[in-house]
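Numbering (this note's numbering), first residue to last: 179 to 318.
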Ligand code: HEC
């Protein structure tokens, strides 16, 4: 009885449908695999462009630069002393003499390993003493 039923025209149609659906699924999967392998339909990401196509803006750097006035040694100071912390840490100190700034620069070198060449110590200390020393111009 069951054997007879499973070969009824209705069951045969169902079998054809199931086999067809499986074949279709297989085909879709194959198409996806092939396209993924060879990038057929989905556009590949654009190739890297050269740097001349990058956009850049002459944006003022918000961090600290404006508050340190122009002066001999400013660039050295900003370069050497903004590696590890903001230069606001320097601006937040009370005004110090060149002697004390020299000690501070040396502390950065010896205690924290700041890569400040010997020849830059005095330049930085003089600059800081000028703008943030006995007669400070910093922040004015
Ligand atoms: C190698 C990293 C490094 C560099 C470069 C560096 N500092 Fe520091 N600095 C530190 C650390 C670490 C502290 C301690 C931060 C804290 O206490 O939160 C510090 C703290 C300070 C302070 C706060 C007072 C103190 O002594 O703790 C001042 C002022 C200062 N630095 C100035 C400078 C100056 C001027 C330069 C450039 C000559 C400089 N730093 C470069 C690491 C560095």
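Quick reminder that beta carbons are idealized off the backbone N, C-alpha and C, glycines included.
These numbers were taken from a predicted model, which means no experiment stands behind them.
Asked: What is the rounded straight-line gap between the Cα of residue 283 and the Cα of residue 273?; Found: 14 Å
Asked: Just to confirm my understanding: we take residue 250, look at its own chain, exclude 5 residues before and 5 after, and list those with CB closer than 8 Å. What are they?; Found: 301, 304, 305 and 308
Asked: Is any heavy atom in ligand 1 found nearer than 7 Å to the beta carbon of residue 304?; Found: no
Asked: Quick one: residues with CB closer than 6 Å to any heavy atom of ligand 1, in chain order, please.; Found: 258, 259, 261, 262, 263, 267, 268, 271, 282, 283, 285, 286, 290, 291, 292, 294 and 302
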